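Which chain is which? The protein sequence lines are A and B, in order.
Once you know that position 132 of the first sequence is 132 in the working numbering, the rest is easy, because the numbers rise by one and skip nothing.
Once you know that position 31 of the second sequence is 183 in the working numbering, the rest is easy, because the numbers rise by one and skip nothing.
Ideal placement from N, C-alpha and C gives every residue a C-beta, glycine not left out.
Fair warning: this is a prediction, and the values are worked out from it, not measured in the lab.
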Amino acid sequence: MTAHPDAPVPVTTDLDTGGFWQAAAHNRLALRACLDCGTVLHLPKVMCHRCRSTRSGWREIEPVGTLASWTVVRAALHPAFPPPYTIVLVELDAAPGARLIGYLDGAPDLAMGQPMRATFQQVRDQVTLVQWSPLPAVISGPSPDSLVPDLS
Amino acid sequence: MSGGWSLRDQYAISGVGATDFSRDSGRTPLTLACEASLAAIADAGLAVEDIDGVVRADYDSVQPGDLAHGLGLPNLRYWGTSGIGGAAPCGMVGQAVAAVAAGLATNIVVFRALNGRSGLRLGRGSAVQRAASRPVGGNGGYEEFFLPYGLIAPGQMFALLARRHMAEFGTAAEDLRAIALVARRRANANPAAQMCARPLTEADYEGARMISEPLRLFDFCLETDGACAVVVTSTERALDGPNPPALVRAVAQGSGPRPQAGTFLTALMRDELLTQPSAAVAELLYQRGGLGPADIDVAQLYDCFTITVLLQLEDYGFCAKGEGGPFASSGALDLDGSLPFNTAGGNLSEGYLHGMSHVLEGVRQIRGTSTSQVTGARTCLVTSGIPAATSALLLRAA
Ligand SMILES: [Zn+2]
Numbered sequence: 001m002t003a004h005p006d007a008p009v010p011v012t013t014d015l016d017t018g019g020f021w022q023a024a025a026h027n028r029l030a031l032r033a034c035l036d037c038g039t040v041l042h043l044p045k046v047m048c049h050r051c052r053s054t055r056s057g058w059r060e061i062e063p064v065g066t067l068a069s070w071t072v073v074r075a076a077l078h079p080a081f082p083p084p085y086t087i088v089l090v091e092l093d094a095a096p097g098a099r100l101i102g103y104l105d106g107a108p109d110l111a112m113g114q115p116m117r118a119t120f121q122q123v124r125d126q127v128t129l130v131q132w133s134p135l136p137a138v139i140s141g142p143s144p145d146s147l148v149p150d151l152s
Numbered sequence: 153m154s155g156g157w158s159l160r161d162q163y164a165i166s167g168v169g170a171t172d173f174s175r176d177s178g179r180t181p182l183t184l185a186c187e188a189s190l191a192a193i194a195d196a197g198l199a200v201e202d203i204d205g206v207v208r209a210d211y212d213s214v215q216p217g218d219l220a221h222g223l224g225l226p227n228l229r230y231w232g233t234s235g236i237g238g239a240a241p242c243g244m245v246g247q248a249v250a251a252v253a254a255g256l257a258t259n260i261v262v263f264r265a266l267n268g269r270s271g272l273r274l275g276r277g278s279a280v281q282r283a284a285s286r287p288v289g290g291n292g293g294y295e296e297f298f299l300p301y302g303l304i305a306p307g308q309m310f311a312l313l314a315r316r317h318m319a320e321f322g323t324a325a326e327d328l329r330a331i332a333l334v335a336r337r338r339a340n341a342n343p344a345a346q347m348c349a350r351p352l353t354e355a356d357y358e359g360a361r362m363i364s365e366p367l368r369l370f371d372f373c374l375e376t377d378g379a380c381a382v383v384v385t386s387t388e389r390a391l392d393g394p395n396p397p398a399l400v401r402a403v404a405q406g407s408g409p410r411p412q413a414g415t416f417l418t419a420l421m422r423d424e425l426l427t428q429p430s431a432a433v434a435e436l437l438y439q440r441g442g443l444g445p446a447d448i449d450v451a452q453l454y455d456c457f458t459i460t461v462l463l464q465l466e467d468y469g470f471c472a473k474g475e476g477g478p479f480a481s482s483g484a485l486d487l488d489g490s491l492p493f494n495t496a497g498g499n500l501s502e503g504y505l506h507g508m509s510h511v512l513e514g515v516r517q518i519r520g521t522s523t524s525q526v527t528g529a530r531t532c533l534v535t536s537g538i539p540a541a542t543s544a545l546l547l548r549a550a
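Okay, here's the thing in structure tokens:
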């Protein structure tokens, strides 16, 4: 998939969130974490909501996760995103509770709880999106809707 | 803090007013706001000179000074803004109650005006529309984590919650359909509703186009041009008015135990995806009001989407977590059910006034003047939007 010229691109220089995009530009997944208490600060921000420290840094995270939900978009809302396409919500295995969004072309077969792996999509010079691709499901069946996997 | 809320029943909504609801108003939001406010002021038996306060919503293009200028308010002494977005209306009433209670004003107009269909359409992703060709995000809004992936509109976010609810609890499309159909039947009885003359059948619902799976066209609310306003004052003064007041038994705002930044997409980062700030607000509201879900005669539940209603049914304690689907399908929400809901048609079928029309319909139920009146209704729950934060009201007959 190549990025559409009209696709929104992320600000990569924000003082709270910029490190995420700088890591992505090096094909790495990094989350902000508190240097004092270790809490993952996602969505990224300097201030730790647990211990109120402002000493935080970026922690590289294994780029694997679990599918927490998805939607196949069938209605056109924006020229950069012609339907159908699929939005995935992925929970990171190494940082439970931290989630990221991904875009998939079309309407692929997906199952709740399916393992997902990050991919890195360069969309502009120095701007790379973290995307998510499904790995073979640990569970399979006739219909994703009929499955109620263990999401804990 | 035990016991209730010290201001219980002491402040009231004394007047309500609305414009027509349409797809193209042909007027500015300011004109709409002025029209709705004048109607509410007249309904309260007051004159423009009696209004000394204004409360607006953060998403409104009309500023307090704009309304004062538009109406020629000679005695404006208090103004305020509440939000966020659709979470505003009940909290706006609460802000007006607080201002009157504090002696900062006596009669406050609370309004919401928008050209939500002919102007900026929130359902099409307002942030991405505003961004044009600039990079998105930064400044604490976190849009950079969502918009570049094609997640740009509220319906897509709620579709993710609906899919998750279906997977965890076995909720079915038929459960969402039941919510859409009940709202439409109430709109069919309401001449002011945009869908008044348009019945909706099960086949219509199922045959409608999918927008963002599993949500179809009729799971989405009706983007609308129009305005709504109410007048908030003391119960003592409201009782002198020409119409029965709706007493504010309790009001509450809350963001829940894990507040999120931004507008709505960030709610996908909350620890618990399927429990909304409504759960915390419900607890506070019931405690302040000294009432519980069993005491509610009729409910006006914010319904930007059908799934929004289903989540609130659980959070406000009308059924257990996960049971929203069977509850919605049980007939409980219909006019003869245990919890008649959105008796004017709601956001889904009356018009999307960003939750403000729910406050007006709550007052009508308390007055006994709804086009789908619940016999003997004395207590009405009104809720405002989710997911970023929310607010709610308990209205009571005097
Ligand atoms: Zn910390």
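Reference residue i; option with closest CA among the options
{"i": "Arg50 (chain A)", "options": "A:Ala23, A:Trp58, A:Glu60 and A:Gly38", "result": "A:Gly38"}
{"i": "Arg534 (chain B)", "options": "B:Asp176, B:Arg401, B:Ser234 and B:Gly476", "result": "It should be pointed out that residue 534 (chain B) corresponds to Val in this sequence rather than to Arg. For the residues B:Asp176, B:Arg401, B:Ser234 and B:Gly476, the minimum Cα distance to Val534 (chain B) belongs to B:Arg401."}
{"i": "Glu424 (chain B)", "options": "A:Arg99, A:Thr128 and A:Met116", "result": "A:Arg99"}
{"i": "Ala349 (chain B)", "options": "B:Tyr357, B:Arg338 and B:Glu358", "result": "B:Arg338"}
{"i": "Leu391 (chain B)", "options": "B:Trp157, B:Leu462, B:Leu159 and B:Ala164", "result": "B:Ala164"}
{"i": "Ile260 (chain B)", "options": "B:Pro216, B:His506, B:Asp377 and B:Ile203", "result": "B:Ile203"}
{"i": "Val383 (chain B)", "options": "B:Cys186, B:Arg175 and B:Gly178", "result": "B:Cys186"}
{"i": "Phe120 (chain A)", "options": "A:Val64, A:Met47, A:His42 and A:Tyr85", "result": "A:Val64"}
{"i": "Pro539 (chain B)", "options": "B:Thr460, B:Gly503 and B:Arg516", "result": "B:Thr460"}
{"i": "Trp21 (chain A)", "options": "B:Tyr468, B:Glu296 and B:Pro394", "result": "B:Glu296"}
{"i": "His506 (chain B)", "options": "B:Gly442, B:Tyr454, B:Ala314 and B:Gly489", "result": "B:Tyr454"}
{"i": "Ala25 (chain A)", "options": "A:Thr128, A:Pro83 and A:Arg124", "result": "A:Thr128"}
{"i": "Leu67 (chain A)", "options": "A:Arg55, A:Ala76 and A:Pro96", "result": "A:Pro96"}
{"i": "His4 (chain A)", "options": "A:Leu41, A:Ala80, A:Asp93 and A:Gly106", "result": "A:Ala80"}
{"i": "Met309 (chain B)", "options": "B:Met347, B:Asn291 and B:Phe372", "result": "B:Phe372"}
{"i": "Phe93 (chain A)", "options": "A:Val46, A:Pro115 and A:Val72", "result": "One point to set straight first is that residue 93 (chain A) is Asp, not Phe, in the sequence displayed. For the residues A:Val46, A:Pro115 and A:Val72, the minimum Cα distance to Asp93 (chain A) belongs to A:Pro115."}
Boundaries (first-last residue) of the alpha helix (DSSP H) holding residue i
{"i": "Asp195 (chain B)", "result": "Pro181 to Asp195"}
{"i": "Asn247 (chain B)", "result": "At residue 247 (chain B) the sequence reads Gln, which differs from the Asn that was named. It spans Ala240 to Ala253 - the alpha helix (DSSP H) in which Gln247 (chain B) sits, taken as one unbroken run."}
{"i": "Val511 (chain B)", "result": "Met508 to Arg519"}
{"i": "Ile538 (chain B)", "result": "Counting along the chain, Ile538 (chain B) falls outside any alpha helix (DSSP H), and DSSP gives it neither H nor E."}
{"i": "Asn340 (chain B)", "result": "Ala325 to Asn340"}
{"i": "Ala111 (chain A)", "result": "Taken as a continuous stretch (DSSP letters only), Ala111 (chain A) belongs to no alpha helix (DSSP H), as it is neither H nor E."}
{"i": "Ala265 (chain B)", "result": "Looking at the DSSP string, Ala265 (chain B) is not in any alpha helix (DSSP H); the run it does join, the beta strand (DSSP E), is Ile260 to Asn267."}
{"i": "Gln131 (chain A)", "result": "Gln131 (chain A) -> not in any alpha helix (DSSP H); beta strand (DSSP E) instead, spanning Val127 to Pro134."}
{"i": "Phe20 (chain A)", "result": "Gly18 to Ala24"}
Counterpart residues of residue i in DSSP-defined beta bridges
{"i": "Pro478 (chain B)", "result": "Its beta-bridge partners do not exist; DSSP assigns none."}
{"i": "Asp176 (chain B)", "result": "In DSSP, Asp176 (chain B) forms no bridge with anything."}
{"i": "Trp58 (chain A)", "result": "A:Arg32"}
{"i": "Tyr555 (chain B)", "result": "Given that chain B is displayed from residue 153 to residue 550, the structure contains no residue 555 (chain B) and the question cannot be resolved."}
{"i": "Gly65 (chain A)", "result": "A:Leu92 and A:Met116"}
{"i": "Tyr504 (chain B)", "result": "B:Glu375"}
{"i": "Gly483 (chain B)", "result": "BP columns for Gly483 (chain B) are empty, so no partner."}
{"i": "Cys37 (chain A)", "result": "According to DSSP, which records beta bridges pairwise, Cys37 (chain A) is partnered with nothing at all."}
{"i": "Cys532 (chain B)", "result": "B:Val450 and B:Leu547"}
Under the three-state DSSP convention, the category residue i falls into
{"i": "Ile448 (chain B)", "result": "coil"}
{"i": "Gly378 (chain B)", "result": "strand"}
{"i": "Leu147 (chain A)", "result": "Model confidence at Leu147 (chain A) stands at a pLDDT of 40, short of 50, so the residue's coordinates are unreliable; what they give is reported in the following sentence. Three-state result, Leu147 (chain A): coil."}
{"i": "Ala220 (chain B)", "result": "helix"}
{"i": "Gly275 (chain B)", "result": "helix"}
{"i": "Tyr211 (chain B)", "result": "coil"}
{"i": "Tyr301 (chain B)", "result": "helix"}
{"i": "Trp231 (chain B)", "result": "strand"}
{"i": "Val403 (chain B)", "result": "strand"}
{"i": "Val9 (chain A)", "result": "coil"}
{"i": "Tyr85 (chain A)", "result": "strand"}
{"i": "Trp157 (chain B)", "result": "coil"}
{"i": "Gln162 (chain B)", "result": "coil"}
{"i": "Ser140 (chain A)", "result": "For Ser140 (chain A), the predicted model reports a pLDDT of 47, less than 50, meaning its position is unreliable and no value from the coordinates is stated."}
{"i": "Ser490 (chain B)", "result": "coil"}
{"i": "Phe457 (chain B)", "result": "strand"}
{"i": "Ser430 (chain B)", "result": "helix"}
{"i": "Ser152 (chain A)", "result": "Confidence is the limiting factor: at Ser152 (chain A) the pLDDT is only 35, short of 50, which leaves the residue's position unreliable, though a coordinate-based value still follows. Three-state DSSP puts Ser152 (chain A) in coil, outside helix and strand."}
Boundaries of the beta strand (DSSP E) in which residue i is found, first to last residue
{"i": "Gln121 (chain A)", "result": "Pro115 to Arg124"}
{"i": "Tyr103 (chain A)", "result": "Arg99 to Asp105"}
{"i": "Met318 (chain B)", "result": "That residue, Met318 (chain B), is in no beta strand (DSSP E); its alpha helix (DSSP H) goes Pro306 to Phe321."}
{"i": "Ser364 (chain B)", "result": "Met362 to Ser364"}
At a CB distance below 7 Å, what residues from the stretch 444-478 of chain B approach chain A? Give them in sequence order.
For the stretch 444-478 of chain B, the set of residues with a beta-carbon nearer than 7 Å to any beta-carbon of chain A is empty.
The stretch 71-89 of chain A: which residues have C-beta closer than 7 Å to a C-beta of chain B, in chain order?
Residues of the stretch 71-89 of chain A with a Cβ closer than 7 Å to any Cβ of chain B, in chain order: Thr71, Val72, Val73, Arg74, Ala75, Leu77, His78, Phe81, Tyr85, Ile87 and Leu89.
What are the residues of the stretch 370-388 of chain B that lie near chain A, defined by any Cβ-Cβ distance shorter than 9 Å?
Against chain A - using a Cβ distance shorter than 9 Å - the stretch 370-388 of chain B contributes no residues.
Please list, in chain order, the residues of the stretch 282-302 of chain B that have any C-beta partner in chain A closer than 9 Å.
For the stretch 282-302 of chain B, the beta-carbon criterion of a distance under 9 Å to any beta-carbon of chain A is satisfied by Ala283, Ser285, Arg286, Pro287, Val288, Gly289, Gly290, Asn291, Gly292, Tyr294, Glu295, Glu296, Phe297, Phe298, Leu299, Pro300, Tyr301 and Gly302.
Please list the residues of the stretch 104-138 of chain A that have a C-beta atom closer than 7 Å to any C-beta atom in chain B, keeping them in chain order.
Residues of the stretch 104-138 of chain A that bring their beta carbon within less than 7 Å of a beta carbon in chain B comprise Met112 and Leu129, in sequence order.
Taking Cβ-Cβ distances below 8 Å as the criterion, which residues of the stretch 46-65 of chain A are in contact with chain B?
Cβ contacts with chain B come from no residue of the stretch 46-65 of chain A.
Proximal residues, the stretch 22-45 of chain A versus chain B, C-beta separation under 8 Å:
Within the stretch 22-45 of chain A, the qualifying residues are His42, Leu43 and Lys45.
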